[in-house]
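S.K.: Listed in order, the protein sequences are those of chains A and B.
Just so you know, we're using the numbering used here here: the first sequence kicks off at 78 and counts up by one.
Just so you know, we're using the numbering used here here: the second sequence kicks off at 78 and counts up by one.
The C-beta atom is built at its ideal place from N, Cα and C for all residues, glycine as well.
If you scroll down you'll find the structure; I have some questions about it.
Number of protein chains: 2
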Amino acid sequence: MNATPATTGLFPADSVGLVTPQTLDFDTPLQLVGGQCLQHWSLVVETYGQLNANASNAVLICHALSGNHHAAGYHAETDRKPGWWDAYIGPGKPIDTNEFFVVSLNNLGGCHGSTGPASINPKTGEPYGPDFPVLTVTDWVDSQAVLADRLGIQRWAAVIGGSLGGMQVLEWSLRYPERLGHALVIASTPKLSAQNIAFNEVARQAIMSDPAFHEGRYYQEGVIPRHGLRLARMVGHITYLSEHSMGQKFGRDLRSDKLNYGFGVEFEVESYLRYQGDTFSEQFDANTYLLMTKALDYFDPAAHFDGDLSQAVAAAQCRFLVISFTTDWRFSPRRSEELVNALTAADKRVSYACIDSPHGHDAFLIPDARYQAVFSAYMQRVAEEVRL
Amino acid sequence: MNATPATTGLFPADSVGLVTPQTLDFDTPLQLVGGQCLQHWSLVVETYGQLNANASNAVLICHALSGNHHAAGYHAETDRKPGWWDAYIGPGKPIDTNEFFVVSLNNLGGCHGSTGPASINPKTGEPYGPDFPVLTVTDWVDSQAVLADRLGIQRWAAVIGGSLGGMQVLEWSLRYPERLGHALVIASTPKLSAQNIAFNEVARQAIMSDPAFHEGRYYQEGVIPRHGLRLARMVGHITYLSEHSMGQKFGRDLRSDKLNYGFGVEFEVESYLRYQGDTFSEQFDANTYLLMTKALDYFDPAAHFDGDLSQAVAAAQCRFLVISFTTDWRFSPRRSEELVNALTAADKRVSYACIDSPHGHDAFLIPDARYQAVFSAYMQRVAEEVRL
Numbered sequence: 078m079n080a081t082p083a084t085t086g087l088f089p090a091d092s093v094g095l096v097t098p099q100t101l102d103f104d105t106p107l108q109l110v111g112g113q114c115l116q117h118w119s120l121v122v123e124t125y126g127q128l129n130a131n132a133s134n135a136v137l138i139c140h141a142l143s144g145n146h147h148a149a150g151y152h153a154e155t156d157r158k159p160g161w162w163d164a165y166i167g168p169g170k171p172i173d174t175n176e177f178f179v180v181s182l183n184n185l186g187g188c189h190g191s192t193g194p195a196s197i198n199p200k201t202g203e204p205y206g207p208d209f210p211v212l213t214v215t216d217w218v219d220s221q222a223v224l225a226d227r228l229g230i231q232r233w234a235a236v237i238g239g240s241l242g243g244m245q246v247l248e249w250s251l252r253y254p255e256r257l258g259h260a261l262v263i264a265s266t267p268k269l270s271a272q273n274i275a276f277n278e279v280a281r282q283a284i285m286s287d288p289a290f291h292e293g294r295y296y297q298e299g300v301i302p303r304h305g306l307r308l309a310r311m312v313g314h315i316t317y318l319s320e321h322s323m324g325q326k327f328g329r330d331l332r333s334d335k336l337n338y339g340f341g342v343e344f345e346v347e348s349y350l351r352y353q354g355d356t357f358s359e360q361f362d363a364n365t366y367l368l369m370t371k372a373l374d375y376f377d378p379a380a381h382f383d384g385d386l387s388q389a390v391a392a393a394q395c396r397f398l399v400i401s402f403t404t405d406w407r408f409s410p411r412r413s414e415e416l417v418n419a420l421t422a423a424d425k426r427v428s429y430a431c432i433d434s435p436h437g438h439d440a441f442l443i444p445d446a447r448y449q450a451v452f453s454a455y456m457q458r459v460a461e462e463v464r465l
Numbered sequence: 078m079n080a081t082p083a084t085t086g087l088f089p090a091d092s093v094g095l096v097t098p099q100t101l102d103f104d105t106p107l108q109l110v111g112g113q114c115l116q117h118w119s120l121v122v123e124t125y126g127q128l129n130a131n132a133s134n135a136v137l138i139c140h141a142l143s144g145n146h147h148a149a150g151y152h153a154e155t156d157r158k159p160g161w162w163d164a165y166i167g168p169g170k171p172i173d174t175n176e177f178f179v180v181s182l183n184n185l186g187g188c189h190g191s192t193g194p195a196s197i198n199p200k201t202g203e204p205y206g207p208d209f210p211v212l213t214v215t216d217w218v219d220s221q222a223v224l225a226d227r228l229g230i231q232r233w234a235a236v237i238g239g240s241l242g243g244m245q246v247l248e249w250s251l252r253y254p255e256r257l258g259h260a261l262v263i264a265s266t267p268k269l270s271a272q273n274i275a276f277n278e279v280a281r282q283a284i285m286s287d288p289a290f291h292e293g294r295y296y297q298e299g300v301i302p303r304h305g306l307r308l309a310r311m312v313g314h315i316t317y318l319s320e321h322s323m324g325q326k327f328g329r330d331l332r333s334d335k336l337n338y339g340f341g342v343e344f345e346v347e348s349y350l351r352y353q354g355d356t357f358s359e360q361f362d363a364n365t366y367l368l369m370t371k372a373l374d375y376f377d378p379a380a381h382f383d384g385d386l387s388q389a390v391a392a393a394q395c396r397f398l399v400i401s402f403t404t405d406w407r408f409s410p411r412r413s414e415e416l417v418n419a420l421t422a423a424d425k426r427v428s429y430a431c432i433d434s435p436h437g438h439d440a441f442l443i444p445d446a447r448y449q450a451v452f453s454a455y456m457q458r459v460a461e462e463v464r465l
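Structural data, given as structure tokens:
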């Protein structure tokens, strides 16, 4: 499951090259926050770089809502696109695979190979569908801790993630404080706002009111709730981009040279959104989308401390790097600053950078010189610690 | 169709009291921007106050996306709620019915009595449905000019509207510059952004992908695209409120005392959105919703002037009051300021107020002391002009 060295000519020299995902099966019962227990479960995993002799150079990547295990490199020589965070993982990149052993998984409940709603429920012999348990960020982190055990990693040099991934990072720092050296929380928030929940609820209602949803048992019907998933992605996508970047990208440009006074595509932004929605609805599982949005909604570590986040983070022992982006209106810099302030109030060691970027929430995925500089500088210090 | 004086005890003393809408039929062919022509059409209208002898005290109210003619007063003694702008129209209110004769209509294409998609198409004997022409703000203003002729109003003392209504006001000032004294453009914009269009497109796709939509011919099928309209309203509603006001109103409050780890309603904001969507989907026509969003998308008076808004507004002769609200992210203060700057560059007389309000885009509908003060002071000067 390790990346092979990049073959000159086929892939860029700073790519991890060809990677092969591997599925790991677990019989460790996983007690879930919602009350259920998963007896048998699998995770699909990719790794990049080499684990060192004392297993001290491992880094965990936590993915966001529609992410998966394929964070870097290529699955085939014919792949047109590398993994979703390839700009930040590779030889010489911020998460430097010459230094670190990088582990990237598809979360439980996912639709890219880990056990999820489309998997066969051993109790029924049918796909789980709506019977798959609703998962929380805590459950994911617990499953990732079991994964770490399996890989022989007692302590992560760093746990890193953006958006929903950043929530997993924060949860790691609180739930397994002795098992990570650094937490990198990027474009994230310590909890969703009412507006964030509202957008998620629109997405869920779009999926669940699609007649093809069949109360989540669409697999057996041989259909998918394409329209609902398409709408969910369209509304989500709007929240990932800044108003400015949408304006720069599309403005009020028309698809043809004049207005049609009809309901077909007229503006470029309509065409783009429809395309995004169509593509996504062919590739992603609707039940997984529902689960991921619920995990987002539920995350609120301060809830157990009467809303006092600084008390909630008191358990953390690692160092933190928090990064936000100026035009991110999904999880604005103010939300990152809540976390930074709470960490500071709790006497934790935290660095914070608010990156001036036009790209909205998506900025955490996009190459940007200032972001890369901050990210690289921090990870180089982590690498130095590991080498000591 | 005039308001009767408020009956003490039944309605508040500053209410216009009981009002009765009236339907006016027109045989004036209305040539539409999209190329079609409406031969016979009707407008449902309410008026409040008395037209003076020289017809110089008339004020036109232009409604927004989901608005209608019922802007003030009550239709029945049992009505629990007055018209949608009752806080701003009535004796002693900013649009003072002791001073002004106020005209409020349901726009063409509407679903509250004016000719629209649910009306019978004389050519087929069936409801127009998708054959009802796509309308523009210009078409509405043209129909309102014919209405003014019918009412004997050569020149409006003021034309007033919020949001999409504000676009009609701006269009009045450019298309019939000699027919209005004052233009009050509230919580509006000289054109939609790509993000605004994107949200409209999600709403349209939600409606049009509902199987009950039947390509707009759902009237004949005896169904309505309830799910689609509900989603459209839910996503629209999020954009009407500020993140702050949603947070204040709902926060992360739960409906019951604990999380259910399921897909039923858990947070108050979900319950609220579902209720808003359900109510709206019972009351509003889906084809009208589609039309209204297209009129929003198309509005762009600067388009005929290579995007130069100051050239576009050169035709205006009236005075302007432009009002925006600090937390409005649908049409932010910056969008109003574009208009103000263009008007200033074109040497027009313009007053501008940005009101500090927590209520987002909806602020233009909600009672607020500062907003009322600015609005009243301006309208009192208009009333003085009328009296001279």
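1) In chain A, which residues lie less than 8 Å from residue 352 of chain B when you measure between Cβ atoms?
2) Output needed in chain order: residues of the stretch 279 to 309 of chain B with a Cβ under 7 Å from some Cβ in chain A.
3) I think residue 93 of chain A touches residue 149 of chain A, with their Cβ atoms under 8 Å apart; what is that distance to the nearest whole Å?
4) I'd like to know whether the C-beta of residue 338 of chain B is nearer than 7 Å to at least one C-beta of chain A.
5) So, does the stretch 230 to 239 of chain A touch the stretch 410 to 419 of chain A, judging by three or more C-beta pairs under 8 Å?
6) Just the C-alpha distance for residue 241 of chain B and residue 267 of chain B, rounded to the nearest angstrom, thanks.
7) Can you find the residues in the same chain that come closer than 6 Å, C-beta to C-beta, to residue 320 of chain B, ignoring five residues on each side of it along the sequence?
8) Between residue 133 of chain A and chain B, is the shortest Cβ-Cβ distance under 7 Å, so that the two count as touching?
9) Name, please, each residue of chain B whose Cβ falls closer than 7 Å to the Cβ of residue 102 of chain A.
10) Check whether the Cβ of residue 206 of chain A lies closer than 7 Å to any Cβ atom in chain B.
11) For residue 148 of chain B, which of helix, strand or coil comes out of DSSP?
12) Below 8 Å on the Cβ atoms is my guess for residue 393 of chain A versus residue 386 of chain A; work out the distance and round it to an integer in Å.
13) Could you give the C-beta distance for residue 397 of chain A and residue 441 of chain A, rounded to a whole number, given that I count them as a contact under 8 Å?
14) Under the assumption that residue 229 of chain A contacts residue 132 of chain A (Cβ atoms under 8 Å), give the Cβ distance between them as a whole number of angstroms.
15) To the nearest whole angstrom, what separates the beta carbons of residue 111 of chain B and residue 213 of chain B, a pair I think is in contact under 8 Å?
16) What ranges does the beta strand (DSSP E) occupy inside the stretch 350 to 414 of chain B, keeping only unbroken runs of at least 3 residues that lie completely in it?
17) Just to check my reading of the structure: residue 357 of chain A and residue 345 of chain A have Cβ atoms closer than 8 Å, yes? What is that Cβ distance to the nearest angstrom?
18) Can the beta-carbon of residue 146 of chain A be found closer than 7 Å to that of residue 98 of chain A?
19) Closer than 9 Å, Cβ to Cβ, to anything on chain B: give me those residues from the stretch 208 to 235 of chain A, in chain order.
20) Taking a contact to mean a Cβ-Cβ separation below 7 Å, would you say residue 284 of chain A touches residue 363 of chain A in this structure?
21) So, with DSSP's three-state summary, where would you put residue 300 of chain B?
22) What are the start and end residues of the alpha helix (DSSP H) that includes residue 169 of chain A?
23) Provide the residue(s) that pair with residue 238 of chain A in DSSP beta bridges, ordered along the chain.
24) For a cutoff of 7 Å on Cβ pairs, would you count residue 265 of chain B as touching chain D?
25) With DSSP collapsed to three states, give me the class of residue 433 of chain B.
26) Residue 367 of chain B touches chain A at which residues, Cβ-Cβ below 7 Å?
27) Assuming contact is defined by CB atoms lying nearer than 7 Å, are residue 463 of chain A and residue 430 of chain A in contact in what I supplied?
28) Give the range of the alpha helix (DSSP H) segment to which residue 215 of chain A is assigned.
29) Could you tell me which chain B residues have their CB closer than 9 Å to the CB of residue 320 of chain A, listed as they occur along the chain?
30) Alpha carbon to alpha carbon, how far is residue 183 of chain A from residue 83 of chain A? Give it in angstroms, no decimals.
31) Please say whether residue 100 of chain B and residue 121 of chain B have beta carbons closer to each other than 7 Å?
32) State whether the stretch 277 to 294 of chain B contacts the stretch 252 to 261 of chain B, with contact taken as three or more CB pairs (one from each stretch) at a distance under 8 Å.
33) In whole angstroms, give me the CA-to-CA distance for residue 332 of chain A and residue 114 of chain B.
34) Looking at chain B, is there any beta carbon in it that lies within less than 7 Å of the beta carbon of residue 78 of chain A?
35) Is the distance from the Cβ of residue 107 of chain B to the Cβ of residue 220 of chain B below 7 Å?
36) Pick out whichever of B/449, B/155, B/329 has its Cα sitting closest to the Cα of residue 375 of chain A.
M.R.: Once the coordinates are examined:
1) Result: empty, since nearest Cβ-Cβ is about 12 Å, beyond 8 Å.
2) Within the stretch 279 to 309 of chain B, the residues whose Cβ lies closer than 7 Å to some Cβ of chain A are 279, 281, 282, 283, 285, 286, 288, 304, 308, listed in chain order.
3) 5 Å
4) Yes, because at least one Cβ of chain A sits closer than 7 Å to the Cβ of residue 338 of chain B.
5) no
6) 10 Å
7) Cβ contact annotation for residue 320 of chain B (same chain, cutoff 6 Å, sequence separation greater than five): none.
8) no
9) The contacting residues do not exist; residue 102 of chain A stays about 25 Å from chain B at best.
10) no
11) coil
12) In fact, because the Cβ distance is near 11 Å, the residues do not count as touching under 8 Å.
13) With 8 Å as the limit, residue 397 of chain A and residue 441 of chain A do not qualify as a contact, their Cβ atoms being about 16 Å apart.
14) 5 Å
15) 7 Å
16) 396 to 402
17) The Cβ separation is near 19 Å, so there is no contact.
18) yes
19) 210, 211, 212, 213
20) Contact flag set, yes.
21) coil
22) Taken as a continuous stretch (DSSP letters only), residue 169 of chain A belongs to no alpha helix (DSSP H), as it is neither H nor E.
23) Answer by DSSP bridge pairing, in chain order: A/139, A/262.
24) Chain labels in this structure do not include chain D; the protein chains are A and B.
25) coil
26) 340
27) No, Cβ-Cβ distance for residue 463 of chain A and residue 430 of chain A is not below 7 Å.
28) 214 to 228
29) 270, 271, 272, 273, 406, 409
30) Summary for residue 83 of chain A: the model assigns pLDDT 45, below 50, so the residue's position carries little reliability; its value from the coordinates is reported in the next sentence. Between residue 83 of chain A and residue 183 of chain A, the C-alpha separation is close to 24 Å.
31) yes
32) no
33) C-alpha of residue 332 of chain A to C-alpha of residue 114 of chain B: approximately 26 Å in a straight line.
34) Per-residue confidence for residue 78 of chain A stands at a pLDDT of 49, beneath the threshold of 50, marking its modelled position as unreliable; no derived number is given.
35) yes
36) B/329
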